[in-house]
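Input: a single structure, listed below in structure tokens.
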Amino acid sequence: MVTKFLDKARKNKADEFYTQLPDIEAEMRHYREQFRDKVIFCNCDDPYESNFFKYFAMNFNFLGLKKLIAASYSDSPVAGQQLSLFDVKSLDVPNGDAKPPYKIEITEVRDENADGAVDLADVEYLLKNRRNTLTLLQGNGDFRSPECISLLQETDIVVTNPPFSLFREYVAQLVEYGKKFIILGNQNAITYKEVFRLIKENLIWLGMDNGGTKWFQVPLDYEITTESRKRFDDKGNKYFSMGSIMWFTNLDVPKRHESITLYKHYTPEEYPRYDNYDAIEVARVADIPYDYDGAMGVPVTFLDKYNPEQFEILGITKTWFGGATKIYPNQIQVNVDGSKSVVSKLNDGATIKLDAPPHGKTYYMVDNDYFIQLYARIIIKRKGSQL
Ligand SMILES: C[S@@+](CC[C@H](N)C(=O)[O-])C[C@H]1O[C@@H](n2cnc3c(N)ncnc32)[C@H](O)[C@@H]1O
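Here it is, written out as structure tokens:
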């Protein structure tokens with residue numbers, strides 16, 4: 000019981016990383032026209048911690064927003080550390096409640112402090128002085144709570160970095176309520192059964208700025224084991240760099256209409272066939288042949304270049320959706336150091352059969368045959384002929 004509680008606390012803590020403004024700006028610029036006259040909801044965002052809230056508040060007039068809503072979550076370990084809610088004149092914070100969850104609803108941003116410019120200082124002035132702009136929530140601000148769902152219902156577009164530990168549920172809720180969204184997630188989420196199904200059906204796809212690593216601000220006690228992924232700024236704030244963080248959206252993006260230029264000619268020698276699915280292995284997206292009409296397995300990074308007019312997605316090897324054509328019994332894994340163990344994981348991905356054991360690579364033996372297993376592959380097929 001205690002372990003379970005600690006595990007939950009650890010998991011909650013791992014969700015506490017905060018997106019930086021430049022990363023938000025780099026993505027949002029591609030959707031400017033789509034924000035006009037829309038209600039935007041940042042539903043995992045303590046406004047005073049969240050750069051999503053800041054971005055939309057600062058650009059409220061420039062983007063022509065109809066309304067901006069942000070809701071904080073009381074169980075966040077860092078909630079309420081930056082803003083003293085007791086400073087907000089119109090807010091009745093119950094005694095002893097150090098970090099009550101609250102929501103912010105903005106329908107206009109004016110030059111409130113009359114300094115000649117409309118900026119974040121005006122938003123702060125507005126929050127602190129205008130009644131009903133900032134109000135306490137009844138519940139804990141959980142995105143699944145009835146009051147947050149009712150805010151969701153009046154929303155056009157949800158934009159945030161949600162808790163990764165609840166990503167499946169989070170996306171399912173957005174889809175259930177038919178909302179448009181731009182959210183950050185881990186590349187691994189592509190392979191989640193629930194998420195991949197939506198990708199395959201062209202209900203969600205990747206946004207624009209998905210390459211490289213992104214730095215996120217984290218609480219000072221956030222555990223980072225790799226030194227090169229950790230840095231502090233001159234104010235002592237701690238940052239964590241994460242790779243493979245991607246934008247997931249169902250708003251139109253330019254990339255989705257650009258085709259990959261294919262230049263490689265198919266030869267059976269260069270593109271081996273899988274043993275457990277009728278497809279060829281394409282190890283790099285750039286190597287997709289222009290003249291192969293059948294199914295091809297490509298790395299999941301393909302999705303960053305996916306144009307549904309150029310390719311059709313047939314499946315994914317990791318979860319398979321019952322697509323594998325073979326089940327291997329009695330597998331023996333042979334590690335690089337020669338050690339052996341009985342496993343069942345060869346069934347979890349695409350395999351290639353070899354004539355002899357490979358050098359310097361983990362491989363598997365099934366009876367007297369040798370196999371290697373590949374990373375998750377998306378199975379695609381070209382649409383129409385490109386010759
Ligand atoms: C990855 S962080 C990102 C925070 C912020 N959106 C940003 O991008 O800077 C996810 C946030 O979701 C909050 N959170 C966790 N579980 C939640 C839930 N069930 N409902 C709403 N927010 C939640 C966490 O406290 C955390 O602040």
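Residue numbers are given in numbering that gives the first Met the number 0: position 200 of the sequence shown equals residue 199, and the series is strictly consecutive. Note that beta-carbon positions come from the ideal geometry of N, C-alpha and C, so glycine has one too.
Chain-order list of residues whose beta-carbon lies under 8 Å from that of residue i (same chain, five-residue window excluded)
i, result
"K352", "D274, D368, Y369, F370"
"D110", "A116, V117, D121"
"D251", "Q33"
"L150", "F40, N42, I68, A70, K102"
"I23", "N50, F51, Y54"
"L62", "R31, F34, R35, F55"
"A294", "Y276, D277, A278, I279, L313, I378, I379, K380"
"P145", "G138"
"G359", "V335"
CA-to-CA distance, residue j to residue i, given in whole angstroms
i, j, result
"V194", "G211", "22 Å"
"L302", "G321", "21 Å"
"D366", "V341", "12 Å"
"Q19", "T350", "40 Å"
"Y191", "A113", "50 Å"
"K37", "P100", "24 Å"
"T159", "K66", "16 Å"
"V284", "T300", "7 Å"
"P357", "V333", "10 Å"
"F231", "F51", "21 Å"
"K229", "W214", "9 Å"
"V297", "R376", "5 Å"
"E311", "Y291", "13 Å"
"L197", "N128", "43 Å"
"V77", "Y238", "The pLDDT assigned to V77 is 49, lower than 50, so where the model puts this residue is not dependable; a value taken from the coordinates is nonetheless given after this. Their Cα atoms are separated by approximately 15 Å."
"T154", "N306", "28 Å"
"E104", "F166", "25 Å"
"Y176", "G184", "19 Å"
"H264", "P271", "14 Å"
"A355", "D44", "55 Å"
"L373", "S164", "26 Å"
"S343", "P328", "8 Å"
"L125", "T134", "13 Å"
"H256", "K304", "9 Å"
"S258", "K199", "18 Å"
Nearest candidate by alpha-carbon position, reference residue i, set the options
i, options, result
"Y362", "V281, I331, D277", "I331"
"G235", "R228, V217, G138, N185", "V217"
"N42", "T134, V157, A25", "V157"
"P288", "V38, L173, E268", "E268"
"M27", "K237, F247, A282", "F247"
"R143", "I39, T224, S71, Y17", "S71"
"K254", "W204, K325, D44, R272", "W204"
"Y169", "G383, I148, A25, I68", "I148"
"K179", "Y221, L202, R167", "L202"
"T225", "Y47, G242, D14", "G242"
"Q152", "Q172, L135, P161", "Q172"
"S338", "T324, D354, M364", "M364"
"A13", "L219, V108, G140, L125", "L219"
"D208", "Y221, Q186, V281", "Q186"
"W319", "Q309, G348, E308", "G348"
"M245", "T260, T132, I181", "I181"
Residues that DSSP places opposite residue i in a beta bridge
i, result
"W214", "S240"
"E104", "I68"
"Y362", "V333"
"S340", "Q332"
"Y369", "L353, M364"
"V297", "I377"
"V194", "Note: V194 sits in no beta bridge, so no partner."
"F180", "V157"
"P21", "Per DSSP, none; premise fails for P21."
"M245", "G184"
"W319", "Answer is none; W319 lacks a bridge partner."
"E280", "G296"
"E311", "K380"
"F231", "K237"
"T224", "The partner list for T224 (beta bridge, DSSP) is empty, contrary to what the question assumes."
"C41", "A69"
"R28", "None; R28 has no bridge partner."
"P288", "K263"
"L125", "None, per the DSSP bridge assignment."
"L133", "I103"
"L205", "F247"
Own chain partners of residue i with C-beta closer than 6 Å, once the 5 adjacent residues on each side are dropped
i, result
"S240", "T212, W214, R228"
"T324", "N275, Y276"
"P46", "F52, A69, I103"
"I391", "Any answer about residue 391 is impossible in this case: the structure gives the chain only from 0 up to 386."
"A25", "D208"
"V281", "I287, M295, V297"
C-beta neighbour in chain D for residue i, strict 8 Å
i, result
"T159", "The chain labelled as chain D is not found in the depicted structure, where only one protein chain is given."
Cβ shell of residue i (< 7 Å), same chain only, five flanking positions each side left out
i, result
"D141", "Y72, C147"
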